[in-house]
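What follows is a single structure, written as structure tokens, with notes after it.
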Amino acid sequence: MDVRGDDMKEDIILLNQNFKEINPLLCGFEECYSGHGFGPASREYYLLHYIERGKGTFTIKEKKYSLRKGNIFVIRPEEITYYEADKSDPWKYIWIGFQCNTESNIFKKATFLKKDILYCQAAEYIFKEMLEASRIEQTKEIFLTAKLYELFSLLIEAENTEDVVEFPKVYVLKAESYIMANYMNDITVEDISKYLGINRVYFSSIFKKFTGKSPKQYIVDVRLEKAAKLIVKNNFTPSEAARSSGYKDIFNFSKMFKKKYGVAPIYYKDSI
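If you count the sequence shown from 1, position 28 lands on 28 in the UniProt record's numbering, and the numbers rise without skipping.
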């Protein structure tokens with residue numbers, strides 16, 4: 001880590017693995033001093049900066065943008081840019097540099113790369129995880145590639161739902177992913193809201209707005225749907241399906257299953 005006066009910076013160069021679609025090259029952060037600027041300069045790769053805090057300006061093609069926490073500015077290959085920290089509230093940002101195959105499907109979907117700036121505060125956790133991952137000794141390039149796919153997915157979905165500037169939907173998408181990864185565990189609405197870093201009441205409100213279900217009901221439905229598939233496709237017994245889908249109490253599972261599907265789990269396979 002470089003420390004120069006009030007400026008703190010870490011620039012991590014990755015081993016070029018030449019991955020076919022998305023290939024991470026470097027990652028890092030900088031906590032800039034007042035008025036610190038970079039450029040004019042161009043790159044040979046894509047570079048995304050996420051502003052973790054503070055303010056600054058980003059200039060590209062004679063357009064000057066004033067940016068703040070939650071903004072992402074996009075630097076494309078061969079484009080000349082200049083960016084400068086605010087004098088009274090200098091920014092701290094995290095960056096990820098990568099190559100992207102312009103013939104790939106993921107690139108064609110990633111229309112956000114054509115924009116100069118984005119706003120997606122929900123992306124902060126991904127940038128922080130990429131920064132942490134870049135410090136590990138082994139497999140960091142693989143992990144960072146996976147996180148780049150996650151970031152692309154988030155920004156593509158946010159753009160398609162017009163939520164790059166208004167991001168409640170992003171919280172819901174992230175919550176759905178969390179539920180799908182953890183439904184077999186004893187998760188609660190409180191667990192999900194803590195994971196997202198938002199108030200439980202607010203989370204429940206936006207979740208129901210976008211899905212039509214409360215988070216609790218959504219978890220129940222996911223568990224029962226998974227259990228039903230296990231019974232039909234994997235020949236699981238009701239007790240095996242219950243345990244595999246997050247139910248410890250077989251009687252409660254049977255009750256909830258019958259309420260949803262109209263038959264007890266033991267008779268479900270024969271009823272369809």
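Note that CB positions come from ideal geometry on N, CA and C, so glycine has one too.
- Query: Whose CA, out of Y195, I219, E124, lies closest to the CA of E150?
  - Reply: In the sequence shown, counting from the first residue as 1, residue 150 sits at position 150. Here the closest residue by C-alpha is E124.
- Query: Where DSSP assigns a beta bridge to E10, which residues make up the other side?
  - Reply: The residue labelled residue 10 in the question sits at position 10 within the sequence shown. DSSP output for E10 lists F29 as bridge partner(s).
- Task: Pull up the DSSP beta-bridge partners for R53, would you.
- Result: Locating residue 53 in the sequence shown gives position 53, counting from the first residue. R53 is bridged to K92.
- Task: Assign K147 to one of two classes, buried (16 or more other C-beta atoms within 10 Å of its C-beta) or exposed (fewer than that).
- Result: As a working note, residue 147 is residue 147 in the sequence shown. Classification of K147: buried, given that the 10 Å Cβ count is 16 or more.
- According to DSSP, is L15 helix, strand or coil? As a first step, residue 15 is located in the sequence shown; it is residue number 15 there, counting from the start. Coil at L15, not helix or strand.
- Task: Could you name the residues of the same chain whose beta carbon sits closer than 7 Å to that of P24, not counting the 5 residues immediately before and after it, in chain order?
- Result: Here the question's residue 24 lines up with position 24 in the sequence shown. Cβ within range, chain order: L14, I96, F98, E141, L144, T145, L148.
- Message: Less than 8 Å between C-beta atoms, sequence neighbours within five positions excluded: which residues of the same chain meet that for E103?
- Response: Locating residue 103 in the sequence shown gives position 103, where the first residue counts as 1. Excluding positions up to five away in sequence, the list is empty.
- Query: For F253, which option in R223, K269, F236 has the closest C-alpha, if you only look at C-alpha atoms?
  - Reply: Here residue 253 refers to the residue found at position 253 when the sequence shown is read from its first residue. It is R223 whose Cα lies nearest to the Cα of F253.
- Express the C-alpha separation of I206 and E79 in angstroms, rounding to a whole number. Here the question's residue 79 lines up with position 79 in the sequence shown. Here the question's residue 206 lines up with position 206 in the sequence shown. Taking the straight line joining both Cα atoms gives about 39 Å.
- Task: Check each candidate in F58, G70, E157, V232 and name the one with the smallest Cα separation from Y82.
- Result: What you label residue 82 is simply residue 82 of the sequence shown in a count that begins at 1. When only C-alpha atoms are compared, the closest one is F58.
- Mark A85 as exposed unless 16 or more other C-beta atoms lie within 10 angstroms of its C-beta, in which case mark it buried. By 1-based counting over the sequence shown, the position of residue 85 is 85. Answer is buried; the Cβ neighbour count reaches 16.
- Would V232 be called buried (16 or more neighbouring beta carbons within 10 Å of its own) or exposed? As a first step, residue 232 is located in the sequence shown; it is residue number 232 there, counting from the start. Exposed.
- Query: How many whole angstroms separate the CB atoms of I94 and Y50, which I take to be in contact at a CB cut-off of 8 Å?
  - Reply: Your numbering for residue 94 matches position 94 in the sequence shown. Your numbering for residue 50 matches position 50 in the sequence shown. Sure, about 5 Å apart at Cβ, within 8 Å.
- Item | Proximity of R135 and I12 at Cβ, strictly below 8 Å | One-based indexing of the sequence shown puts residue 135 at position 135. One-based indexing of the sequence shown puts residue 12 at position 12. Yes, Cβ-Cβ distance for R135 and I12 is below 8 Å.
- Under the rule that 16 or more other beta-carbon atoms within 10 Å means buried, what is A181, buried or exposed? By one-based count along the sequence shown, residue 181 stands at place 181. Result: exposed.
- Between which two residues does the alpha helix (DSSP H) carrying S205 extend? Within the sequence shown, numbered from 1, the residue matching residue 205 stands at position 205. It spans 200 to 211 - the alpha helix (DSSP H) in which S205 sits, taken as one unbroken run.
- Message: Under 8 Å, with one C-beta from each stretch per pair, do the stretch 171 to 188 and the stretch 232 to 241 reach the 3-pair mark?
- Response: no
- Query: Thinking C-alpha only, which one of I60, L118, K20 is nearest G39?
  - Reply: Taking the first residue of the sequence shown as 1, we reach residue 39 at position 39. Checking every option, the nearest Cα to that of G39 belongs to I60.
- Expressed to the nearest angstrom, what Euclidean distance is found between the alpha-carbon atoms of V189 and I117? Counted from its first residue, the sequence shown places residue 189 at position 189. Counted from its first residue, the sequence shown places residue 117 at position 117. Cα to Cα, the separation comes out at about 33 Å.
- Message: At the level of alpha carbons, what is the spacing between E137 and C120?
- Response: Here residue 137 refers to the residue found at position 137 when the sequence shown is read from its first residue. Here residue 120 refers to the residue found at position 120 when the sequence shown is read from its first residue. Distance between the alpha carbons of E137 and C120: 30 Å.
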